[in-house]
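**Student:** Questions regarding the structure given below will be posed in turn.
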Amino acid sequence: MIELLYFIAIILVIGVVVQVSRVYELVHVLKGGGSKDIVVTEDEGRWNGIIYILYGLGFFGAYVWLYIDYAPFFLPVAASEHGIEIDRLLDFNFAMINIVFVITIALLFYFPIKYYFRKGRKALWYPDNHRAEIVLTIIPSVAMIFVIVWGLKTWNSIFSEPAENAIKMELYARQFDWTARYAGEDGQLGDFNYRLIGGMNALGLKADDSKVQDDVLVRGEFHLPVNRAVDFAFRSQEVIHSAYMPHFRAQMNCVPGMTTRFNFVPNKTTEEMREITGDPEFDFILLCNKICGVAHYNMQMKIIVESQEDYDAWIAEQETVAEQEIFADLESDKRALPDGALLAAGK
Ligand SMILES: [Cu+2]
Numbered sequence: 017m018i019e020l021l022y023f024i025a026i027i028l029v030i031g032v033v034v035q036v037s038r039v040y041e042l043v044h045v046l047k048g049g050g051s052k053d054i055v056v057t058e059d060e061g062r063w064n065g066i067i068y069i070l071y072g073l074g075f076f077g078a079y080v081w082l083y084i085d086y087a088p089f090f091l092p093v094a095a096s097e098h099g100i101e102i103d104r105l106l107d108f109n110f111a112m113i114n115i116v117f118v119i120t121i122a123l124l125f126y127f128p129i130k131y132y133f134r135k136g137r138k139a140l141w142y143p144d145n146h147r148a149e150i151v152l153t154i155i156p157s158v159a160m161i162f163v164i165v166w167g168l169k170t171w172n173s174i175f176s177e178p179a180e181n182a183i184k185m186e187l188y189a190r191q192f193d194w195t196a197r198y199a200g201e202d203g204q205l206g207d208f209n210y211r212l213i214g215g216m217n218a219l220g221l222k223a224d225d226s227k228v229q230d231d232v233l234v235r236g237e238f239h240l241p242v243n244r245a246v247d248f249a250f251r252s253q254e255v256i257h258s259a260y261m262p263h264f265r266a267q268m269n270c271v272p273g274m275t276t277r278f279n280f281v282p283n284k285t286t287e288e289m290r291e292i293t294g295d296p297e298f299d300f301i302l303l304c305n306k307i308c309g310v311a312h313y314n315m316q317m318k319i320i321v322e323s324q325e326d327y328d329a330w331i332a333e334q335e336t337v338a339e340q341e342i343f344a345d346l347e348s349d350k351r352a353l354p355d356g357a358l359l360a361a362g363k
């Protein structure tokens, strides 16, 4: 609140300064000095240039400081195969943007001191230069085409079909948690229908589908084996959520009424990332990246990437749909609500 008052005070002070300078100009005109009389002197021009240089130094200082100050918040190295490609593409874009930015802004601050008004010096009349225009059109165009082609190639490789031995799983979003469903022993995700959502069956799974019973449902955290493709399907119960796994450079919207897909290969285990980041507490995370309601901020799930053996041991311990008896209360209680609390409490 106090910041808002400061802000309003600053705006008012600026307003007062502008008004006073206007009054000053008007008084000057009324005293007989016409507008012709208001001419910038050499001194004023030089000072103007000096102030520009000082401001420019402060500006670039802040620019460097922000990069350094925010460095701890940058994501660590990508933990998926395609993530490395995405980072390379982004790094190239940032390098280009920063180079052009520094050159153009530096010139902007330098020119007022270089070309400030001196008596007797005439400005050069330089209306156009076709060669310069052609060069300055072609260079950015080539750079743009290069980035677009590179981007499209990267996009195509990211959205290619997953490998044959990919793990099939589903991330199911609802206000405000995630459920991960693994395909189970048959390697196929069972069928679903939104009309069946209710009670323990928050995902609307079909009890009579033979592929459903061996599916594995987990909440809180899910595991993935390293260096093996994961073929994700995403669904949502009610509003648009977005499955965001920043360390794997992966994000996909979860849209009610349709299934979206994404696949990637995690290439670093949780343990390896803990060493890389120097943070023994580090964990991969799945977040919701769409503001989907009041508890959106807390919609997350831990992801553990580990060796194939550890993964196999973990998945063997998890309960299947059959073991969780998610259809039991639906049979007996027709009033079962499509409410998140029931699955949480029932599990
Ligand atoms: Cu959400």
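Position one of the sequence shown corresponds to residue 17 (the numbering used here), numbered consecutively onward.
We treat Cβ as the ideally placed atom computed from N, Cα and C, and that holds for glycine.
If you drop the 5 nearest sequence neighbours on each side, which residues of the same chain put their C-beta closer than 6 Å to that of methionine 261?
**Tutor:** Residue mapping note: residue 261 aligns to position 245 of the sequence shown, counting from 1. Cβ within range, chain order: Leu302.
**Student:** For leucine 353, is the classification buried or exposed, using 16 other Cβ atoms within 10 angstroms of its Cβ as the cut-off for buried?
**Tutor:** Residue 353 sits at position 337 when you count from the first residue of the sequence shown. In this prediction, leucine 353 has a pLDDT of 44, which is less than 50 and means its spatial position is unreliable; nothing more can be read from the coordinates.
**Student:** Just to confirm, are leucine 187 and phenylalanine 127 a CB contact at a threshold of 7 Å?
**Tutor:** Locating residue 187 in the sequence shown gives position 171, counting from the first residue. Locating residue 127 in the sequence shown gives position 111, counting from the first residue. No, the pair does not count as a contact, with Cβ atoms beyond the cut-off.
**Student:** Check whether the Cβ atoms of aspartate 230 and aspartate 193 sit closer than 7 Å, and answer yes or no.
**Tutor:** Here residue 230 corresponds to residue number 214 of the sequence shown, with the count starting at 1. Here residue 193 corresponds to residue number 177 of the sequence shown, with the count starting at 1. The answer is no: Cβ separation not under 7 Å.
**Student:** Taking Cβ to Cβ, would you say alanine 245 is nearer than 7 Å to valine 281?
**Tutor:** Numbered from 1 along the sequence shown, position 229 holds the residue referred to as residue 245. Numbered from 1 along the sequence shown, position 265 holds the residue referred to as residue 281. Result yes, Cβ atoms of alanine 245 and valine 281 sit closer than 7 Å.
**Student:** Cα separation between proline 88 and glycine 215?
**Tutor:** For the purposes of this step, residue 88 is taken as the residue at position 72 of the sequence shown. For the purposes of this step, residue 215 is taken as the residue at position 199 of the sequence shown. The alpha-carbon atoms of proline 88 and glycine 215 are separated by roughly 43 Å.
**Student:** Quick one: give me the first and last residue of the beta strand (DSSP E) that tyrosine 68 is part of.
**Tutor:** Here residue 68 corresponds to residue number 52 of the sequence shown, with the count starting at 1. Per DSSP, tyrosine 68 belongs to no beta strand (DSSP E); it is in the alpha helix (DSSP H), 58 to 86.
**Student:** Going by DSSP, which residues form a beta bridge with tryptophan 194?
**Tutor:** Position 178 of the sequence shown, counting from 1, holds the residue named residue 194. DSSP, once it has assigned bridges, lists Ala189 as partnering tryptophan 194.
**Student:** Report the rounded CA-to-CA distance for phenylalanine 125 versus isoleucine 69, giving the unit in angstroms.
**Tutor:** For this step, residue 125 is matched to residue 109 along the sequence shown. For this step, residue 69 is matched to residue 53 along the sequence shown. Rounded to whole angstroms, phenylalanine 125 to isoleucine 69 spans 6 Å at the Cα level.
**Student:** Identify every residue that forms a DSSP beta bridge with aspartate 247.
**Tutor:** What you label residue 247 is simply residue 231 of the sequence shown in a count that begins at 1. For aspartate 247, which the question treats as bridged, DSSP gives the partners Lys184 and Asn279.
**Student:** Alanine 94 and arginine 265 look like a contact to me (Cβ under 8 Å); what is the Cβ gap, rounded to whole Å?
**Tutor:** As a first step, residue 94 must be located in the sequence shown, where it is residue number 78. As a first step, residue 265 must be located in the sequence shown, where it is residue number 249. That pair is a contact at about 5 Å.
**Student:** Label tyrosine 142 either buried or exposed according to how many other C-beta atoms from any shown protein chain fall within 10 Å of its C-beta, with 16 as the threshold for buried.
**Tutor:** Here residue 142 refers to the residue found at position 126 when the sequence shown is read from its first residue. Classification for tyrosine 142: exposed.
**Student:** Distance check for isoleucine 27 and valine 55, CA to CA, integer angstroms please.
**Tutor:** One-based indexing of the sequence shown puts residue 55 at position 39. One-based indexing of the sequence shown puts residue 27 at position 11. If you take the alpha carbons of valine 55 and isoleucine 27, they lie about 29 Å apart.
**Student:** Quick check on this structure: which residue in Leu233, Thr170, Val255 and Val158 has the alpha carbon closest to the alpha carbon of valine 310?
**Tutor:** Against the sequence shown, residue 310 aligns to sequence position 294. Here the closest residue by C-alpha is Val255.
**Student:** Compute the minimum distance between the beta carbon of histidine 98 and the heavy atoms of ligand 1, and state whether it is under 6 Å.
**Tutor:** The sequence position of residue 98 within the sequence shown is 82, counting from 1. Outside the cutoff, so no.
**Student:** How far does the alpha helix (DSSP H) with glutamine 340 in it extend, from its first residue to its last?
**Tutor:** Position 324 of the sequence shown holds residue 340. Its alpha helix (DSSP H) spans residues 337 to 340.
**Student:** Taking Cβ positions, are asparagine 283 and asparagine 243 nearer each other than 7 Å?
**Tutor:** Within the sequence shown, the letter at position 267 stands for residue 283. Within the sequence shown, the letter at position 227 stands for residue 243. Taking 7 Å as the Cβ cut-off, asparagine 283 and asparagine 243 qualify as a contacting pair.
**Student:** Specify the secondary structure class of leucine 359 as computed by DSSP and reduced to three states.
**Tutor:** Taking the sequence shown and counting its residues from 1, the one referred to as residue 359 is at position 343. In this predicted model, leucine 359 has a pLDDT of only 42, less than 50, meaning its place in the structure is not dependable enough to derive any value.
**Student:** I'd like to confirm something about methionine 315: is its beta-carbon nearer than 6 Å to some heavy atom of ligand 1, or not?
**Tutor:** Taking the sequence shown and counting its residues from 1, one reaches residue 315 at position 299. Yes, the beta carbon of methionine 315 sits closer than 6 Å to at least one heavy atom of ligand 1.
**Student:** Would you list the one or two residues that DSSP bridges to cysteine 270?
**Tutor:** As a first step, residue 270 is located in the sequence shown; it is residue number 254 there, counting from the start. His257.
**Student:** With three or more C-beta pairs closer than 8 Å as the rule, is the segment 152 to 166 touching the segment 103 to 113?
**Tutor:** The segment 103 to 113 is in contact with the segment 152 to 166.
**Student:** Give the secondary structure of glutamine 229 by DSSP, where H, G and I count as helix, E and B as strand, and everything else as coil.
**Tutor:** As a position in the sequence shown, residue 229 is number 213, starting the count at 1. Coil, per DSSP.
**Student:** Using the C-alpha atoms, what's the distance from aspartate 224 back to glycine 99?
**Tutor:** Here residue 99 corresponds to residue number 83 of the sequence shown, with the count starting at 1. Here residue 224 corresponds to residue number 208 of the sequence shown, with the count starting at 1. Their Cα atoms are separated by approximately 39 Å.
**Student:** Where does methionine 315 land, buried or exposed, given buried means 16+ other C-beta within 10 angstroms?
**Tutor:** Numbered from 1 along the sequence shown, position 299 holds the residue referred to as residue 315. Buried, because 16 or more other Cβ atoms sit within 10 Å of the Cβ of methionine 315.
**Student:** If you compare alpha carbons, which of Met317, Thr293 and Ile307 is closest to leucine 240?
**Tutor:** Mapped onto the sequence shown, residue 240 falls at position 224. Looking at the Cα atoms, Met317 is the closest of the given residues.
**Student:** Please find out if some non-hydrogen atom of ligand 1 comes closer than 6 Å to the beta-carbon of histidine 312.
**Tutor:** Within the sequence shown, the letter at position 296 stands for residue 312. Yes, the beta carbon of histidine 312 sits closer than 6 Å to at least one heavy atom of ligand 1.
**Student:** Using the three-state DSSP reduction, which class does proline 241 fall into: helix, strand or coil?
**Tutor:** Locating residue 241 in the sequence shown gives position 225, counting from the first residue. Note: proline 241 maps to strand in three-state DSSP.
**Student:** Taking the CB atoms as reference points, tell me whether phenylalanine 238 and alanine 196 lie closer together than 7 Å.
**Tutor:** By one-based count along the sequence shown, residue 238 stands at place 222. By one-based count along the sequence shown, residue 196 stands at place 180. Going by C-beta atoms, phenylalanine 238 is nearer than 7 Å to alanine 196.
**Student:** Short of 7 Å in beta carbon distance, which residues of its chain neighbour isoleucine 129, apart from the five on each side in sequence? Order them along the chain.
**Tutor:** One-based indexing of the sequence shown puts residue 129 at position 113. Here the set comprises Gly65, Ile66, Tyr68 and Ile69.
**Student:** Between the C-alpha atoms of isoleucine 30 and arginine 62, what's the straight-line distance to the nearest angstrom?
**Tutor:** By one-based count along the sequence shown, residue 30 stands at place 14. By one-based count along the sequence shown, residue 62 stands at place 46. Straight-line Cα distance between these residues: approximately 24 Å.
**Student:** If you run the structure through DSSP and keep just helix, strand and coil, what is methionine 317?
**Tutor:** As a first step, residue 317 is located in the sequence shown; it is residue number 301 there, counting from the start. Strand, per DSSP.
**Student:** Please return the same chain residues whose Cβ sits closer than 6 Å to the Cβ of glutamine 253, not counting the five positions on each side in sequence.
**Tutor:** Taking the sequence shown and counting its residues from 1, the one referred to as residue 253 is at position 237. Arg190, listed in sequence order.
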